[in-house]
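Working notes, structure below.
In our numbering, the protein residues as written are 349 to 515.
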């Protein structure tokens with residue numbers, strides 16, 4: 349091997365060794381400075397993703413809870429509406445029954461009052477008719493009774509007294 353070949357060999361091995369050293373330096377620098385930054389960024393990104401997933405799950409849970417509460421509120425609203433309808437119908441029936449009962453009482457009171465008024469009117473009519481009849485009878489009696497009738501009554505009376513005194 350000649351000296352030129354030897355220099356070529358040294359140059360070749362020098363290139364190989366320098367490539368290995370360069371690669372080792374790159375690997376060392378990668379693991380020493382770049383890899384921690386990449387790993388920190390990856391971990392930060394993973395934490396953000398985990399936080400976002402957790403937040404998403406919390407929001408989904410809250411959404412499901414809210415949907416459940418909305419459904420419960422709808423159900424409660426339906427129950428309230430049904431109860432209100434039943435209560436309104438019940439109140440209407442009560443008021444209607446009260447009004448009918450009040451009407452019946454008023455009608456019965458009016459009938460009793462009418463009966464009292466009719467009875468009072470009958471009594472007044474009877475009294476008026478009696479007074480009119482008595483007045484007419486008095487008038488007729490005054491026209492019929494005169495001095496002739498008085499004389500006959502007196503004679504008859506005295507005639508009835510004489511046989512009792514003689515006897």
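Glycine is no exception: its CB is placed at the ideal position from the N, C-alpha and C atoms.
Since the model is a prediction, treat every value here as computed from it, not as a measurement.
Look at residue 349 here: in three-state DSSP terms it is coil, with no helix or strand label. Assigned with DSSP and collapsed to three states, residue 369 falls in helix.
Pairing residue 442 with residue 457, the inter-Cα distance amounts to about 22 Å. Under the three-state reduction of DSSP output, residue 494 falls in the coil class, being neither helix nor strand. Excluding its 5 nearest sequence neighbours in each direction, residue 355 has no C-beta neighbour in its own chain below 8 Å. Residue 426 and residue 448 have their C-alpha atoms roughly 32 Å apart. Here the alpha carbons of residue 461 and residue 507 stand approximately 60 Å from one another. Cβ neighbours of residue 499 within its own chain (closer than 8 Å, five residues either side excluded): none.
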